[in-house]
Structure formats: structure tokens, C-alpha cells
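Numbering (this note's numbering), first residue to last: 2 to 77.
The C-beta atom is built at its ideal place from N, Cα and C for all residues, glycine as well.
In this text the structure is predicted, and so the values were computed from the model without any measurement.
Right under this line is the structure:
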């Protein structure tokens, strides 16, 4: 029984060390990878802002202008 527990403990310790080594390894991360990530996020952000602006310009603003002019033309 002690031998089995010792074996299990040893294998789990080896697994933990291997996992820590894998998590601490960052040799694949380079400046180019980071620059590409930043560039992609900037482009996606610009596309989202352009889409939001087009939505507001085409849908929300005309409706808002109509409601405001209706409020000022109220003859109640």
C-alpha cells in the first residue's frame, strides 16, 4: 500500500512540475506576435466604431430629429 501511495505521489509531483514548466514557457511569444494582436484589435475596434456610427447616423439621428421638431411644433 505504501508503495502504491508513493508511486501516485511521485507521478502527481512529476505532472505538477511538467505543468508548471509548460505554463512558464513563453518562447513562442515574440514582438511580432504581440504587434499582430494589437493591430488586429485596433482594426476590429475601428470596424465596430464605424458600424456603430453608421447605425446612429442612419437610424437614430433622423428619428431623434423628427421627435424634437414634433415637440417644438406642438400646438396643444
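**Item:** For residue 108, the three-state DSSP class (helix, strand or coil)
**Value:** This structure leaves residue 108 out entirely; the chain is present only between 2 and 77.
**Asked** Cβ of residue 38 within 7 Å of any heavy atom in the ligand FAD?
**Response** The model on display carries no ligand, and the ligand FAD is accordingly not part of it.
**Message:** Distance cutoff 8 Å, beta carbons only. Does residue 32 sit that close to anything in chain C?
**Reply:** As a matter of chain content, chain C is missing from the structure shown, which is built from one protein chain.
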